[in-house]
Amino acid sequence: MRVAQYKLPKVEGDKDDATLVLYYFGATQGGTAQANIDRWIGQIQQPDGSDSKSKAKTESMTVNGLNVSTVDVAGVYTAEMAPGSKTFHNDADYRLRAAVIETPKGNYFVKLAGPVKTIARWDKEYNDYLKSVEFK
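Here is the structure:
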């Protein structure tokens with residue numbers, strides 16, 4: 258399911274590196290773009306108890322003829338550590354940027370998560386990465 262995984266080095270003052278993972282589950286697997294965006298938003302809780310959906314920035318764009326849907330949201334990262342592990346992150350001041358890339362052979366999923374400052378450090382490279390996707 259993991260096509261590639263990258264560690265993006267942390268900036269000074271952050272305790273963790275960021276992680277970028279590219280997933281592909283198969284031609285008809287993995288769910289819709291909106292279902293994934295909603296799930297990713299649900300992995301971020303707001304410290305003040307407010308709704309993460311109202312704070313999330315979503316966007317749709319076309320990259321080399323492919324539909325790409327993105328989400329960007331910050332808060333307390335609460336995703337499961339590993340599928341089925343029943344252990345969860347509880348990481349404050351985290352940011353999650355993710356994308357669904359729709360291809361003729363099914364969706365690819367990109368998930369970048371890490372401390373807010375570290376993700377900010379890698380914003381340009383992440384954007385460049387998304388804008389470079391193509392399907393051959």
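Numbering-wise, the sequence shown is residues 258 to 393 according to our numbering.
For every residue, glycine included, the Cβ atom is placed at its ideal position computed from N, Cα and C.
{"Query": "The alpha helix (DSSP H) enclosing E382, as first and last residue numbers", "Result": "380-388"}
{"Query": "Burial state of S317, where buried means 16 or more other Cβ atoms lie within 10 Å", "Result": "exposed"}
{"Query": "Separation of R352 from K310, as counted between CA atoms", "Result": "14 Å"}
{"Query": "Euclidean distance between Cα positions of S342 and L369", "Result": "20 Å"}
{"Query": "Unbroken alpha helix (DSSP H) run spanning Q262, endpoints", "Result": "Taken as a continuous stretch (DSSP letters only), Q262 belongs to no alpha helix (DSSP H), being part of the beta strand (DSSP E) at 259-265."}
{"Query": "Rounded straight-line distance, which links the Cα of T285 to that of V376", "Result": "Note that residue 376 corresponds to Ile in the displayed sequence, not to Val. One C-alpha to the other measures close to 30 Å."}
{"Query": "Contact check, R415 vs V278, beta carbons under 8 Å", "Result": "No answer is possible for residue 415: the residues shown for the chain start at 258 and end at 393."}
{"Query": "T327 burial status per 10 Å Cβ neighbour count (16 or more: buried)", "Result": "buried"}
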